[in-house]
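Participant: If you scroll down you'll find the structure; I have some questions about it.
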Amino acid sequence: MGYSSTLLCLSTFIICLSLLALSSLTTADDAAVMSKLLAALSPTPSGWSTSTDPCKWENVTCDGNNRVTSIDLVNKSLSGTLPSNLGSLTQLKSLSLQGNSFSGPLPSLANLSSLQQLYLDNNKFSSIPDGFFQGLTSLHTLFLSENTNLAPWIIPTELTQATSLVRLYASNANVVGFLPDIFDSFPSLENLLLSFNNITGPLPKSFGGSGIKILWLDYQKNGLSGTIDVLSSMTQLKQVWLHENQFTGPIPDLSKCTSLFDLQLRDNQFTGIVPDSLMSLPSLKNVSLANNKLQGPLPAFPSTVTTVTNNGTNSYCKTTPGPCDSQVTILLEVAEALGYPIKLASSWQGNDACVSWSFIACDSQKITSVNFSKLGFVGTISPAIANLTSLRTLYLNDNNLTSSIPDSLATMPDLQLLDVSNNNLTGAIPKFKSTLKFNATGNPLLGKTPGMIAAVTFRESEEGKRQDERNNSKGGQLGKPGPFYLG
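Here you go:
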């Protein structure tokens with residue numbers, strides 16, 4: 000045998016010895032961790048003993064190298080604090096500790112890249128360490144619900160490394176803050192249960208197009224807010240619980256959610272008309288809309304649907320299904336273009352707009368004045384206003400209205416005054432009759448050509464402001480678009 004062959008054999012032998020030593024070391028490490036776990040538990044789990052190999056303990060599974068891969072201590076009436084080195088079980092695939100009384104801080108499980116299932120629910124843990132979710136690249140099931148003693152924590156962005164996540168349960172676990180916009184990182188996520196926490200802010204845009212089927216976000220203490228428009232693109236939804244929050248705006252079109260069977264939207268601030276598409280969902284069995292600010296016709300769901308729709312704070316125009324009064328219908332179209340403001344929903348009740356409806360005045364049961372001045376409205380001016388044929392005065396000034404003035408307003412026979420001043424309107428000005436008092440000051444882009452709009456936009460930009468300063472320093476003056484009044 001030559002020198003090279005001898006050297007090769009020796010190197011191979013050394014490598015084998017090293018691997019054997021490493022295997023023995025990691026096996027010993029696992030045994031040490033399990034011994035610490037045993038010492039921390041009270042009472043001692045059945046079949047666990049320091050005198051036996053942990054791989055032979057009840058509800059403990061090891062691989063062929065005697066590495067611990069699974070610990071199952073579900074509902075064993077155990078208490079104690081988990082050892083800080085539990086994360087050294089680097090081959091652990093499943094950890095099931097739910098239904099006990101474990102307390103104290105959770106140990107870090109960071110970088111357990113083999114961990115697939117983590118059941119920690121129904122315990123008394125006190126805190127989750129920073130970096131706890133780091134490197135859990137194989138995780139597909141995470142249960143943390145019913146840990147009411149946890150210190151407030153937010154869903155961390157490092158959870159995005161768990162790209163195979165299917166189920167995330169953390170109800171009644173003191174989750175706080177905004178939902179991070181990370182849910183496009185979980186293509187397999189089906190169940191997201193986060194009820195009874197203190198989550199605030201809007202629904203994340205990354206919900207859109209996700210495969211989430213079960214979504215529980217109900218009973219947040221201070222309340223999730225904003226609209227729920229993103230649900231329109233969550234086409235795999237089956238069950239949605241959003242009750243007891245602060246959501247606003249109209250109920251979106253959910254016609255693409257053909258598998259949706261349970262929709263709980265009660266006790267929020269939803270406004271507007273219940274869409275017909277909701278009543279036509281083929282799989283819907285349960286729906287609750289009570290205690291919102293909904294208006295329009297009382298929704299008529301099929302007899303196969305269990306509903307709670309008309310109690311509490313909703314303001315349907317009638318107590319039975321059927322169309323609303325024509326003037327009410329027109330005003331609700333006007334409100335739709337404004338996003339159904341809650342100021343209107345709170346004060347427009349019943350089926351007679353001439354009885355105590357705020358911002359509305361009537362003469363002989365015909366609407367003659369609409370005054371939305373300085374209400375902070377956003378949105379557009381609805382062409383439906385023109386259907387109020389007895390309208391004499393229309394105040395829309397000092398809001399944040401955009402888009403153009405509908406041409407239909409120029410056809411209103413009795414309109415005497417139109418005030419749209421101090422908004423952000425654009426486009427051409429309709430050809431109003433000469434007798435109309437029309438105030439459009441404070442809309443710098445209204446009535447401008449595209450070239451003029453580009454110039455105004457440039458002047459309002461930072462570069463435009465610098466150009467103005469340069470011109471003024473040279474003794475010149477660049478004119479600014481001024482307000483105007485027609486009438």
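Numbering (numbering that gives the first Met the number 0), first residue to last: 0 to 486. Even glycine gets a Cβ: it sits at the ideal position worked out from N, Cα and C.
#1: On the three-state DSSP scale, how would you describe Cys-61?
#2: Can you check DSSP and say which residues form a bridge with Cys-361?
#3: If we ignore side chains and look at the alpha-carbon of each, how far apart do Leu-111 and Gln-133 end up?
#4: How long is the line joining the alpha carbons of Thr-89 and Thr-26, rounded to whole angstroms?
#5: Less than 8 Å between the C-beta atoms of Leu-230 and Phe-269, yes or no?
#6: Curious, which full-length alpha helix (DSSP H) runs of at least 4 residues does the stretch 258 to 333 contain?
#7: Within the chosen definition, does the stretch 347 to 355 reach the stretch 279 to 286 through at least 3 CB pairs nearer than 8 Å?
#8: Suppose the cutoff is 6 Å on Cβ atoms and the five residues either side in sequence are ignored; what does the same chain contact list for Pro-82 look like?
#9: Contact defined as beta carbons within less than 8 Å: I believe Tyr-168 pairs with Phe-195. What is the distance between those atoms, to the nearest angstrom?
#10: Leaving out the 5 sequence neighbours to the left and right, which residues in its chain are closer than 8 Å to Asn-290 when beta-carbon positions are compared?
#11: Less than 8 Å between the C-beta atoms of Gly-103 and Phe-124, yes or no?
#12: Using 10 angstroms around the beta-carbon of Val-369, count the other beta-carbons present and answer buried if the total reaches 16, otherwise exposed.
#13: Could you pull the DSSP bridge partners for Tyr-394 from this structure?
#14: Is it buried or exposed for Gly-321, if we count other Cβ within 10 angstroms and need 16 for buried?
#15: At what residues does the alpha helix (DSSP H) containing Leu-343 begin and finish?
#16: Taking the beta strand (DSSP E) that Gly-134 falls in, what are its first and last residues?
#17: Please tell me whether Thr-401 and Asn-423 are closer than 8 Å, where the distance is taken between their beta carbons.
#18: For Leu-374 versus Lys-342, is the C-beta distance shorter than 8 Å?
#19: Could you compute how far the alpha carbon of Ser-407 sits from the alpha carbon of Thr-425?
#20: Closer than 7 Å by C-beta to Phe-371: which residues in its own chain qualify, once you throw out the five before and the five after it? Chain order, please.
#21: Would Gly-248 and Val-273 qualify as a contact pair, given that the criterion is a beta-carbon distance under 8 Å?
#22: List the residues that DSSP assigns as beta-bridge partners of Thr-247.
#23: Tell me the rounded alpha-carbon separation between Pro-179 and Trp-347.
#24: Classify Asn-386 as helix, strand or coil using the three-state DSSP reduction.
Facilitator: Reading from the atomic positions:
#1: strand
#2: Ile-366
#3: 9 Å
#4: 10 Å
#5: no
#6: 275 to 278
#7: no
#8: Lys-35, Leu-36, Ala-39
#9: Their Cβ separation, rounded to whole angstroms, is 12 Å, which puts Tyr-168 and Phe-195 out of contact at 8 Å.
#10: Arg-265, Asp-266, Asn-267, Asn-310, Gly-311, Thr-312, Asn-313
#11: yes
#12: buried
#13: Asn-370, Asp-418
#14: exposed
#15: 341 to 346
#16: Careful: Gly-134 lies outside any beta strand (DSSP E) and carries neither H nor E.
#17: yes
#18: yes
#19: 16 Å
#20: Phe-358, Tyr-394, Leu-395, Asn-398
#21: no
#22: Gln-268
#23: 36 Å
#24: helix
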